[in-house]
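Enquirer: Dropping a structure here in C-alpha cells format, bear with me for questions.
Here is the structure:
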C-alpha cells in the first residue's frame, strides 16, 4: 500500500494532510459517517467531508482546536474522552477514528469498548514501543525519544506504552478482530507489504478493527 | 479565582441609540390560534432590530430572550445609561456582528413589555385579560416570532439564538421549522425541566398567588398588586441564577453597612441587600401574571417526549434534510440548568444524526453566565457565526 499526499486546504495553500492521517483517510469508505476522537483542529474530518462525501463529528477538549475546527464548519463535541462517550448513542457512526491517542488514555480498555459501542468499525493508530531503536534505547538505560514517542518521560501526555504484539493481544481480549493492520515506518509511510518483524521495524501502526 | 471569573473586553462602540417598535401581527380578521386551540383576537408585538437586512433577506439573526428579558437586547434607549440586556455580544465587531448581520429581538407573547399578555386589554371585554389569558406553550412563541419575521421581510434566518427559556424557543423552532434557519444556538437551556427546576418555579408562583394583593388574578381590576409575592419570587429565582462561587466572589459574608454585624433580622449581609434590591427593581418592570404564565410554559416544555434516547433513529429526518447546524453551550457552575440539561439536548440531537457542536464553558457566574462577556464563550459564538456567514456566501 502506498500513501498518496492529500491536500489540507484549511491549513493553507500547499499544505498536506499528515501522512498517517492521509493513510487513515484512505481506509474510510466514501460517504461514511465518522467520529474522530481527539480530532485536533479537524484536518482529517474536513478532508473526509470535502473529498469523500463523508459526514461526521469531532471530539476535542482544547479550546484553540475547538475554535479552529468550528471555523472549518465542523461539528465538535468538546469532551474529555477519559469519561467515555456518553454523548453518543449506540451504533450511530460507521467508523470511529482515534489517531495517536490510545496511549494517552488512563482507561484504554473502557474507551475502546465505548468506541465499539458507538461505531461499526474502529480505526486506531498507536506508537510502537517495540521498535528496535526504542529497545536499544532502553538497553542503553534511557527511555526512548523518537518521532512517534517525541516526549521526555517527565513531560509526556502518554500514560501507556505498548508494543504491537501486546496491543494485538489487547484487541483480541476485548472483543475486536483486526480487519487490517498497517505498520508504519517512522516517516509514517507503510512498511513494505509482507515484511516480517513489524514489531521491530514499525514506529507505529494503524489498525482497522471490527467488533466480533 | 478561576480563569472563568475573568470577563473579556466588550468590543467596539455598540449599536448606538435604538427604539422599541410595536406592530400588530394578528387581528380579528387574522387571529392567532394557539397550540392549545385557544385564540387571541389581537396580538401586538414589541421588537427591536439592529444592523441592516440584505437584499436577499438572509442575513438575519433572531434573538429569543429568557424569562424576564424583553425586546431591548442591545444599544441604548434615548436618554438611558444602561444598554440592552445582551449588549456585550451584539454590535459592530462583536460576536453577533451587526456590520454583517440583521439582528431581531422581540418581546415574548404573554409578557408585559409591549407584547400582548395577561395585562393587555381583551378586545372582547374591554378590560384586561388577567387570569383569563389563555395558557401558552413554547410553540406559541415560535408562531409569533415567525409572523414577525414575515412582517420584516426576512426570508431565512442565518441563526436563531437564545439562552435559558430563549434556548428552549430555539430548540422548539429548529425542530418544528428547520428550514427557517441554517444555524441554531441553544445556551444554558433545557429540553425538559427537572422536578427541582419545577419545584423552584412552583414556590415562586405560590409566593405570588398567596400575596393578599393577588386577588385571584384580578389585581389589575381591583387596583392592587402582589408586590411582596412577586419580589420574593424574583429574589428566590435570582439565587438560582448565580452560583455559590459567584455569590462568594461577589459578596462573601460581607456586611452591608459596616465592619460589624448589627445582629437582627434586617438586611445585614451584603447578599441580602442585593437580593432586596433585585426584588424591588423587578416590581417596576414585570407583571406578576406574566411571571406565572411564562414560568408555566417552561414547566410543560418537552419537545423530545416520545424519543427513544438510546436507539439510533430517524426521528429528526426533516431536520436532517434541512441541514440545520446546532451549537449547544452550557456553563460549568450553572445549577439552574446544569450541563446535564445541555448534554441531554446534545445526545438526543446527536443520536438523530444532526450536526451538533457542544461545549461546556468554564465560568464562576452560574446560569447568568450567558449574559456575560466570557472570552471562551464569545470566541465560540464568533467562530460559529463567522462560519455560518461564510457558508451563506
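Residue numbers (the working numbering), protein chains in the order written: chain A, 5 to 216; chain B, 8 to 400.
We put the CB at the ideal spot given by N, CA and C, even for glycine.
Predicted model, so just to flag it, every value in this text is computed and none were measured.
Please classify residue 44 of chain B: is it buried, with 16 or more other beta-carbons within 10 angstroms of its beta-carbon, or exposed?
Expert: Numbered from its first residue, the second chain carries residue 44 of chain B at position 37. Exposed: under 16 other Cβ atoms inside 10 Å.
Enquirer: Just to confirm, is the Cβ distance from residue 182 of chain A to residue 99 of chain A under 9 Å?
Expert: For the purposes of this step, residue 182 of chain A is identified with residue 178 of the first chain, where counting begins at 1. For the purposes of this step, residue 99 of chain A is identified with residue 95 of the first chain, where counting begins at 1. It is not a contact, given that the beta carbons lie outside the stated cut-off.
Enquirer: Mark residue 128 of chain B as exposed unless 16 or more other C-beta atoms lie within 10 angstroms of its C-beta, in which case mark it buried.
Expert: As a first step, residue 128 of chain B is located in the second chain; it is residue number 121 there, counting from the start. Per the 10 Å Cβ criterion, exposed.
Enquirer: Exposed or buried, which one is residue 201 of chain A when buried takes at least 16 other CB atoms within 10 Å?
Expert: As a working note, residue 201 of chain A is residue 197 in the first chain. So residue 201 of chain A counts as exposed.
Enquirer: Can you name, in chain order, every residue of its own chain whose Cβ lies under 6 Å from the Cβ of residue 88 of chain A, other than the five neighbours on each side?
Expert: In the first chain, residue 88 of chain A corresponds to position 84, counting from 1. If we look at residue 88 of chain A and ignore the five residues flanking it on each side, its Cβ neighbours are 118.
Enquirer: With a Cβ-Cβ cutoff of 9 Å, do residue 263 of chain B and residue 274 of chain B count as a contact?
Expert: The count along the second chain starts at 1 and reaches residue 263 of chain B at position 256. The count along the second chain starts at 1 and reaches residue 274 of chain B at position 267. Contact: yes.
Enquirer: Between residue 70 of chain A and chain B, is there a C-beta pair that is closer than 9 Å?
Expert: Indexing the first chain from 1 puts residue 70 of chain A at position 66. Chain B contact via Cβ: present.
Enquirer: Against chain A, does residue 213 of chain B count as a neighbour if the rule is that its beta carbon must be under 9 Å from one of theirs?
Expert: By 1-based counting over the second chain, the position of residue 213 of chain B is 206. Judged by the 9 Å Cβ criterion, residue 213 of chain B is not in contact with chain A.
Enquirer: Rounded to the nearest angstrom, how far is the Cβ of residue 377 of chain B from that of residue 170 of chain B, given a contact under 8 Å?
Expert: The residue you call residue 377 of chain B lines up with position 370 of the second chain. The residue you call residue 170 of chain B lines up with position 163 of the second chain. Correct: roughly 4 Å between the Cβ atoms.
Enquirer: Output yes if chain A places a C-beta closer than 9 Å to the C-beta of residue 390 of chain B; else output no.
Expert: On the second chain, position 383 is the one that residue 390 of chain B refers to. Cβ-Cβ to chain A under 9 Å: yes for residue 390 of chain B.
Enquirer: In the structure shown, what three-state DSSP assignment does residue 219 of chain B receive?
Expert: The sequence position of residue 219 of chain B within the second chain is 212, counting from 1. Of the three classes helix, strand and coil, the one that applies to residue 219 of chain B here is helix, per DSSP.
Enquirer: So, with DSSP's three-state summary, where would you put residue 10 of chain B?
Expert: Within the second chain, numbered from 1, the residue matching residue 10 of chain B stands at position 3. Its pLDDT being 49, under 50, residue 10 of chain B is placed unreliably in this model, and the value from its coordinates should be taken loosely. In the structure shown, residue 10 of chain B sits in a helix (DSSP, three-state: H, G or I).
Enquirer: Under a Cβ-count criterion, where at least 16 other Cβ atoms within 10 Å of its own Cβ denotes burial, should residue 120 of chain B be classed as buried or exposed?
Expert: Position 113 of the second chain, counted from the first residue, corresponds to residue 120 of chain B. With 16 or more other Cβ atoms within 10 Å, it is buried.
Enquirer: Of all the residues that make up the stretch 350-374 of chain B, which are near chain A by a beta-carbon distance shorter than 8 Å?
Expert: From the stretch 350-374 of chain B, only 350, 353, 354, 357, 358, 360, 362, 363, 364, 365, 366 and 367 have a Cβ closer than 8 Å to chain A.
Enquirer: Residue 201 of chain B touches chain A at which residues, Cβ-Cβ below 7 Å?
Expert: Here the question's residue 201 of chain B lines up with position 194 in the second chain. Going along chain A, no residue has its Cβ under 7 Å from residue 201 of chain B, so there is no contact; the nearest lies around 18 Å.
Enquirer: Let's test the definition: count the other Cβ atoms within 10 Å of the Cβ of residue 272 of chain B and tell me whether it reaches 16, buried, or not, exposed.
Expert: Sequence index remark: in the second chain, residue 272 of chain B carries index 265 (1-based). It is exposed - the Cβ of residue 272 of chain B has fewer than 16 other Cβ atoms within 10 Å.
Enquirer: Please list, in chain order, the residues of the stretch 374-385 of chain B that have any C-beta partner in chain A closer than 8 Å.
Expert: From the stretch 374-385 of chain B, only 383 have a Cβ closer than 8 Å to chain A.
Enquirer: Output needed for residue 300 of chain B: all residues of its chain with C-beta closer than 8 Å, excluding positions within five of it in sequence on either side, in chain order.
Expert: The sequence position of residue 300 of chain B within the second chain is 293, counting from 1. Closer than 8 Å at the Cβ level, and outside the excluded window around residue 300 of chain B, lie 117, 124, 125, 140, 142 and 143.
Enquirer: So with Cβ pairs under 9 Å, would you call residue 20 of chain A a contact of chain D?
Expert: No chain D is part of this structure, whose protein chains are labelled A and B.
Enquirer: Taking the DSSP output, what are the residues bridged to residue 186 of chain A?
Expert: Here the question's residue 186 of chain A lines up with position 182 in the first chain. A:210.
Enquirer: Does any CB atom of chain B fall closer than 9 Å to the CB of residue 227 of chain A?
Expert: A query on residue 227 of chain A cannot be resolved here, the shown segment of chain A reaching from 5 to 216 and no further.
Enquirer: Between residue 112 of chain A and the rest of its own chain, which residues show a CB-CB distance below 7 Å, the 5 nearest in sequence each way excluded?
Expert: Residue 112 of chain A sits at position 108 when you count from the first residue of the first chain. Taken in chain order, the residues that qualify are 106 and 164.
Enquirer: Three Cβ pairs or more, each shorter than 8 Å: is that satisfied between the stretch 55-73 of chain B and the stretch 151-171 of chain B?
Expert: Yes, the stretch 55-73 of chain B touches the stretch 151-171 of chain B.
Enquirer: Could you tell me the alpha carbon to alpha carbon distance between residue 106 of chain B and residue 57 of chain B, rounded to whole angstroms?
Expert: What you label residue 106 of chain B is simply residue 99 of the second chain in a count that begins at 1. What you label residue 57 of chain B is simply residue 50 of the second chain in a count that begins at 1. Approximately 9 Å, taken between the alpha carbons.
Enquirer: Could you check which residue in B:364, B:380 and B:240 has the C-alpha nearest to that of residue 1 of chain B?
Expert: There is no way to answer for residue 1 of chain B, as the model of chain B reaches only from 8 to 400.
Enquirer: Span of the beta strand (DSSP E) holding residue 337 of chain B?
Expert: Position 330 of the second chain, counting from 1, holds the residue named residue 337 of chain B. Counting along the chain, the beta strand (DSSP E) containing residue 337 of chain B begins and ends at 332-338.
Enquirer: Excluding the five sequence neighbours on either side, which residues of its own chain have a C-beta within less than 6 Å of the C-beta of residue 41 of chain A, listed in chain order?
Expert: Position 37 of the first chain, counted from the first residue, corresponds to residue 41 of chain A. Excluding positions up to five away in sequence, the list reads 63, 85 and 102.
Enquirer: How is residue 62 of chain B classed by DSSP in three states: helix, strand or coil?
Expert: To locate residue 62 of chain B, count along the second chain from 1; it is residue 55. In the structure shown, residue 62 of chain B sits in coil (DSSP, three-state: anything other than H, G, I, E or B).
Enquirer: Do residue 308 of chain B and residue 191 of chain B have their CB atoms nearer than 9 Å?
Expert: Within the second chain, numbered from 1, the residue matching residue 308 of chain B stands at position 301. Within the second chain, numbered from 1, the residue matching residue 191 of chain B stands at position 184. Taking 9 Å as the Cβ cut-off, residue 308 of chain B and residue 191 of chain B do not qualify as a contacting pair.
Enquirer: Keeping to the same chain, check which residues put their C-beta closer than 6 Å to that of residue 277 of chain B; ignore five residues upstream and five downstream.
Expert: Translated into positions along the second chain, residue 277 of chain B becomes position 270. So the list reads 258, 261 and 263, once near-sequence residues are dropped.
Enquirer: Would you mind sorting residue 148 of chain A into buried or exposed? The rule is 16 or more other CB atoms within 10 Å of its CB.
Expert: Locating residue 148 of chain A in the first chain gives position 144, where the first residue counts as 1. Looking at its Cβ environment, which holds 16 or more other Cβ atoms inside 10 Å, residue 148 of chain A is buried.
Enquirer: Nearest chain B C-beta to residue 44 of chain A closer than 9 Å, yes or no?
Expert: Position 40 of the first chain, counted from the start, is the residue given in the question as residue 44 of chain A. Not an interface residue.
Enquirer: If you compare alpha carbons, which of B:340, B:359, B:17 and B:122 is closest to residue 255 of chain B?
Expert: If you number the second chain from 1, residue 255 of chain B lands on position 248. When only C-alpha atoms are compared, the closest one is B:340.
Enquirer: Should residue 387 of chain B be flagged as near chain A, meaning a C-beta pair shorter than 9 Å?
Expert: As a first step, residue 387 of chain B is located in the second chain; it is residue number 380 there, counting from the start. So, interface residue.
Enquirer: So, does the CB of residue 6 of chain A fall closer than 9 Å to a CB anywhere in chain B?
Expert: As a first step, residue 6 of chain A is located in the first chain; it is residue number 2 there, counting from the start. Unreliable placement is indicated for residue 6 of chain A, whose pLDDT of 49 sits below 50; the coordinate value is still reported in the next sentence. Taking Cβ atoms only, chain B never reaches closer than 9 Å to residue 6 of chain A, which makes this a no.
Enquirer: Using a Cβ-Cβ distance under 9 Å, would residue 146 of chain B count as near chain A?
Expert: On the second chain, residue 146 of chain B is found 139 positions in, with the first residue counted as 1. It does not: the Cβ of residue 146 of chain B has no partner Cβ on chain A nearer than 9 Å.
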